[in-house]
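Visitor:
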Amino acid sequence: MTLTRAPLALLVLLLASCASPPAATPNGPAPTLAPTTTTATPVGPASSYPDPARTPGDLNANVIQANIASTICVSGWTATVRPPASYTDHLKLQQLAGLGLAGPPTAYEEDHFVALELGGNPTSPRNLWPQPYAPMPGAHEKDRVENFLRRQVCSGALQLTAAQNAIRTDWVQVLRERGL
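Taking my numbering, the leading residue of the sequence shown gets 24, the next gets one more, and so forth.
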């Protein structure tokens, strides 16, 4: 049986997407599967992203690739680091006022730009921002991307830094590409 170029190219792409992540090198961590820059131009609406100067997405220094099996990949782990609602509710009100955002506070989720489940800093205002639920894609859609990326990291299909960079550079693109 001979394959035409289009099905053959599709087969090559499918096989490449099933490949294991590169192994760590003696000189450092394994190469990532996503861009390492945070300067990508997002494809989603501006409301889908925080102001990068205010909220670049700080990381939790206690979560690294070497310990994901005892941190983010443990069911319920995020509850152990999640800040209390009294902290995030107060911060959300401050940020809404400081950003001049309209609407009731209930129209926004005080979101961790880099999710806790991907090793985001739990309390840094540089990782928390009032993300609107609407228009779409909004907070609920970003949650689906975070869950997908966590599954990829915990299964070994994606390095932690690649998932963190995917959120910071263009989570809406991940949403669209993966049909989440």
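Yeah, the Cβ is synthetic: ideal placement off N, Cα and C, and Gly gets one too.
Return the chain-ordered list of same chain residues with a C-beta closer than 7 Å to the C-beta of Leu-139, the five sequence neighbours on each side being excluded.
Guide: Correct list, in chain order: Thr-101, Val-104, Arg-105, Pro-145.
Visitor: Would the region 171-184 and the region 123-130 be scored as touching if the rule is three or more Cβ pairs under 8 Å?
Guide: Flag = no, the region 171-184 and the region 123-130 do not touch.
Visitor: Got a sec? Which residues, its chain only, sit under 7 Å from Leu-116 by beta carbon, not counting five neighbours each side?
Guide: Result list for Leu-116: Pro-128, in chain order.
Visitor: With DSSP as the reference, identify every bridge partner of Gln-154, one or two as the case may be.
Guide: The partner list for Gln-154 (beta bridge, DSSP) reads Glu-132.
Visitor: List the residues that DSSP assigns as beta-bridge partners of Leu-82.
Guide: The partner list for Leu-82 (beta bridge, DSSP) reads Gly-143.
Visitor: With three or more beta-carbon pairs closer than 8 Å as the criterion, would you say the region 148-165 touches the region 69-84?
Guide: In short, these stretches touch, since the Cβ pair count reaches three.
Visitor: Exposed or buried, what is Gly-161 when buried is set at 16 or more other beta-carbons lying within 10 Å of its beta-carbon?
Guide: Flag for Gly-161 reads buried.
Visitor: Can you name the start and end residues of the alpha helix (DSSP H) that Ser-93 belongs to?
Guide: Careful: Ser-93 lies outside any alpha helix (DSSP H) and carries neither H nor E.
Visitor: Rounding to the nearest angstrom, what Cα-Cα distance links Ile-87 and Val-137 in this structure?
Guide: So the alpha carbons of these two residues sit roughly 14 Å apart.
Visitor: Could you check which residue in Gln-196, Gly-142, Ile-95, Gln-118 has the C-alpha nearest to that of Asp-81?
Guide: Nearest option by C-alpha distance: Gly-142.
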